[in-house]
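Quick notes on the structure that follows.
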Amino acid sequence: MKFFKKTSWWESGIKFTCLPNCGKCCNEPNGIVYLSLKDMTRLAAFQSMSLSEWIKRDCRKTLDGRYVLKSKPENLICIYLDDDLKCNVYDSKPDQCSAFPWWNENLKNEKSWNKTKQICPGIEHPDALLIDNNTIKFWIEADNIAEKGVRDIDL
Ligand code: SF4
Ligand code: SF4
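Okay, so the sequence shown: first residue is 113 according to my numbering, each after it adds one.
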């Protein structure tokens, strides 16, 4: 795992709960959601589409060729976020979305974590539970895989 030494500052766990009806982490213009092949296959099946149809409708490529979710042209926010700040594909959402706030870029040091806390009211919320370091590492790895991305797919 690229950013972490043997002992990370979060080894003893971090308190977090995802708050219902929040949606703040999705409601960011220019946010990028990288996709693993597993994500893409799952999202296409969830919407009863073939992978190629789904890619054509809901994906774009970054400048370096990785597939990411499209954004709405009017506000540059994820196409799956509805007007009530709910995710339309919640049960099938990309791993990188499930991994928030445990992204490499957020956890690389306490300064970046403090910035993440400003976005996410679930971190250290009074109702939050302690998330142990193994769970955090699991999501860091999921974020790593998604961020490597997919460039070529045999359709
Ligand atoms: S910002 Fe935090 S609390 Fe809000 S939806 Fe995202 S993960 Fe959940
Ligand atoms: S796919 Fe869903 S969870 Fe992920 S950014 Fe879009 S609206 Fe948010």
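Cβ atoms here follow ideal geometry from the backbone N, Cα and C, with glycine treated the same way.
Query, Result
"Output the boundary residues of the beta strand (DSSP E) element that contains Leu241.", "Leu241 to Ile243"
"Provide the residue span of the beta strand (DSSP E) that contains Cys171, from first to last.", "Cys171 to Lys173"
"If you compare alpha carbons, which of Gly177, Lys260 and Arg169 is closest to Ile191?", "Arg169"
"Give the range of the alpha helix (DSSP H) segment to which Ile231 is assigned.", "Glu222 to Ile231"
"Looking only at its chain, what residues have a beta carbon closer than 7 Å to the beta carbon of Arg178, apart from the 5 residues adjacent to it on each side?", "Tyr146, Gly261, Val262 and Arg263"
"What's the C-alpha gap between Ala211 and Asn221?", "17 Å"
"Indicate, with yes or no, if ligand 2 has a heavy atom lying under 7 Å from the CB of Cys190.", "yes"
"Please list, in chain order, all residues of the same chain as Thr153 whose beta carbon is under 7 Å from its beta carbon, the five residues on each side excluded.", "Leu163"
"Comparing alpha-carbon positions, which option in Glu236, Gly135 and Asp195 lies nearest Ile126?", "Glu236"
"Near Gly135, what residues of its chain come up, given a Cβ to Cβ distance below 6 Å and the 5 sequence neighbours on each side ignored?", "Leu197"
"Going by DSSP in three states, Phe250 sits in which element: helix, strand or coil?", "helix"
"Assign Gln208 to one of two classes, buried (16 or more other C-beta atoms within 10 Å of its C-beta) or exposed (fewer than that).", "buried"
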